[in-house]
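Line by line, the protein sequences are chains A and B. Under my numbering, the residues of the first sequence are numbered 72 to 232, in order. Under my numbering, the residues of the second sequence are numbered 51 to 406, in order. Where a beta carbon is used, it is the ideal one built from N, C-alpha and C, also for glycine. Let me begin by presenting the structure, written as structure tokens, before commenting on it.
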Amino acid sequence: MANCNGYVLLVKWIPLPSYLAKLGNVLSFSRIATSLPLPSEGDHLRPRIDLIVFMIDIKSKYSLRNVEASLAYVDASFFLGKVCFLVTGVGRLNCCSVEMSAIWKLREVYSSPVLFCELELEGIRVATAQRLLRMLEICAGLIPGVSALYFGSLMSSSANY
Amino acid sequence: MAAAGSPRSAPRGLTGRAFKPRPAANGAGAGAVMEPRAPSGTGRPSWGLLLARGHGPLGFSSSSQLLPPENADPQRTAFLLRKQWTLYSVTPLYRFSNAHLRNYSRLLSAFIAAERQKGWAVEVGVELDIKVAVSSLPDLKGSDQDHAAVLVEVRSLPSPQKTSQEKRIWSGWFCCVCGDDFFENMPEDFTCLPLFLANGAESYTAIVGSWFQKTFDCCFHRLAISPLNLSWMAAMWTGCKVDKTASAMELIFSVPGLLQPLDISYAIHPEDAKALWDTVQKTPGEITQEEVDIFMDCLYSHFHRHFKIRLSAAKLVKVSTAIASAHCDGIIKFLQSQYLIGVLRLLTELAISQIQ
């Protein structure tokens, strides 16, 4: 995923006994779309979507614009904790083309958490995959006592320290 | 002329010339696009602007301004123009004093001579006698609290046999333009000159830099300019009024991740760029991030309409206008003496944000 153009990661939960083994590869039960809306031909075949991750590459202004355009096609119910923004490429601030204020604005307007990562580094990639996996479990309703909305509000309140 | 990285045939530009992006074998491809004449009948005078206070997360505040054309003495600063300066940010110098500039010249000459004894050679086979001159440039400052700029020159002395003149082989200067806000609470012994510009052989820069680091306990870092800051500079400098016919505004982009890296050069007629900027800018004397975004988006969408290439996904590496030209590796060239202080203000702000 060296070239991020604002991909949208649609993730749904499949119960897999050995999901721990696939921790480094979240893509095993996810789909990538380059923009929304999704083509309507596959509507009846598409399984339920549990989590939408919008990926923004800080080196590409186009990815931000793409994500902003795609956000318009997301149903409002998703924004209750089932949407998150993943900002990649933050290891190289000297190459950044996206201003931080635009990212904070997205976080405020859509009340969704923003995660930062650097895909070029193995350790951070794995850690981010683990975080996304945990979020996915919550959004799919697999953790008893924690709902997606509760988790989303936890993330947003801790982000304002 | 067929480029491995550009599969499309080139469409005709508005002037009727064909343009192609070329792979970066030797740099840029040629693309000169005439902007459509946007209505600029607002009649706003485009004088220079003033740089405002406040530091954004990446160097520039969200609303910035440039200086009005200065009347600094052009003779003294003429040698600064039309040269490529490499940028460094410098932490405050400890116990630096303007009274001891001659001492510093002597010490630095001795240091360079000692290094050469150790076997460090700049040019093989050339025996040069060199002399170092450290002087002060009192004109190059923004406000009264700024410390005057300090110029370090390494000159080669003419050998007795030849009758050649003294030649300047390396020069570097420290300066600070309107850095007073940041350096308010600085303890007394420290001198704040956060920006360093060097022109000449890299080996001399290393030697002079290490002497300053040892003597004044400071740190030099290369100052890189992010594409975000470059687009700010492009927007700010487009709005400046230039007396003579200005050169074209040129933006150079690099597209990574292909088999061969591709360099795209996008040249815009300066009048058209200015007309576009005049329609975008609302308040004369102030620039906001939104206005810069709109300006760049217009240029990108125009390019996309003709070449179907999204420049917003590429990396902006160099901006060249009539005022100055800046490269993302931290290389600057000043082209107009009246806007020298204004550009130095921007660069000082960048240097300060890198130090902080």
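- With respect to chain A, the C-beta atom of residue 337 (chain B) has no partner C-beta closer than 9 Å.
- In the assembly as shown, residue 158 (chain A) is a buried residue. Its beta-carbon has 16 or more other beta-carbons within 10 Å.
- Its Cα nearest to that of residue 225 (chain B), the residue B:190 stands out among B:334, B:314, B:190.
- In the DSSP assignment, residue 194 (chain A) falls within the unbroken alpha helix (DSSP H) covering 193–210.
- Note that the C-beta distance between residue 247 (chain B) and residue 223 (chain B) is below 9 Å.
- Chain A places a beta carbon closer than 9 Å to that of residue 360 (chain B), counting this residue as a contact.
- CA-CA distance, residue 342 (chain B) to residue 389 (chain B), rounds to 20 Å.
- Against chain B, the beta carbon of residue 136 (chain A) has neighbours under 7 Å at 362, listed in chain order.
- Counting every other CB atom within 10 Å of its CB across the protein chains shown gives residue 236 (chain B) a total below 16, marking it as exposed.
- Contact check for residue 220 (chain B) against residue 199 (chain B) fails: the beta carbons are separated by 9 Å or more.
- Proximity to residue 367 (chain B) across B:151, B:382, B:249 peaks at B:382, based on C-alpha coordinates.
- Looking from the CA of residue 401 (chain B), the closest CA among B:128, B:125, B:131, B:137 belongs to B:137.
- For residue 164 (chain A), a Cβ of chain B is located within less than 9 Å of the residue's own Cβ.
- Those residues of the stretch 266–287 of chain B placed with their C-beta closer than 7 Å to a C-beta in chain A are 274, 276, 277, 278, ordered along the chain.
- Taking 9 Å as the threshold, the shortest C-beta distance from residue 346 (chain B) to chain A falls below it.
- Between residue 328 (chain B) and residue 289 (chain B), the alpha-carbon positions lie close to 7 Å from each other.
- Think of a sphere of 8 Å around the beta carbon of residue 366 (chain B): the chain A residues whose beta carbon falls inside it are 168, in chain order.
- For residue 158 (chain B), same chain residues with a beta-carbon under 8 Å away, outside a window of 5 residues either side, are 182, 184, 202, 258, 261 in chain order.
- By the CB criterion at 9 Å, residue 370 (chain B) and residue 276 (chain B) fall outside the cutoff.
- The beta carbons of residue 243 (chain B) and residue 393 (chain B) sit no closer together than 9 Å.
- Of the candidates B:187, B:188, B:161, B:161 places its Cα closest to the Cα of residue 180 (chain B).
- For residue 324 (chain B), there is no enclosing beta strand (DSSP E); the enclosing alpha helix (DSSP H) covers residues 320–330.
- Taken atom to atom, the span from the alpha-carbon of residue 116 (chain A) to that of residue 155 (chain A) is near 24 Å.
- In the DSSP annotation of this structure, residue 222 (chain B) is not part of any alpha helix (DSSP H); the continuous beta strand (DSSP E) holding it starts and ends at 217–225.
- Within chain B, no C-beta atom comes nearer than 9 Å to that of residue 176 (chain A); the closest sits roughly 11 Å away.
- Residue 274 (chain B) carries a coil assignment under DSSP once its states are collapsed to helix, strand and coil.
- According to DSSP, residue 158 (chain A) shares a beta bridge with A:127, A:187.
- Here residue 345 (chain B) is buried. Its C-beta has 16 or more other C-beta atoms within 10 Å.
- Proximity to residue 204 (chain B) across B:192, B:197, B:193, B:218 peaks at B:218, based on C-alpha coordinates.
- Its chain contains 312, 364 as the residues whose beta carbon lies nearer than 6 Å to that of residue 305 (chain B), once the 5 sequence neighbours on both sides are disregarded; these appear in chain order.
- Short of 8 Å from the beta carbon of residue 135 (chain B), and not among the five residues preceding or following it, lie these beta carbons of its own chain, in chain order: 247, 248, 249, 381, 382, 383, 384.
- As a beta-bridge residue in DSSP terms, residue 299 (chain B) pairs with B:318.
- Close to residue 106 (chain A), with beta-carbon spacing below 9 Å, lies no residue of chain B; the smallest spacing is near 13 Å.
- Look at the stretch 120–146 of chain A: the residues with a C-beta under 8 Å from a C-beta of chain B are 130, 131, 132, 133, 134, 136.
- Using a CB distance cut-off of 9 Å, residue 378 (chain B) counts as an interface residue toward chain A.
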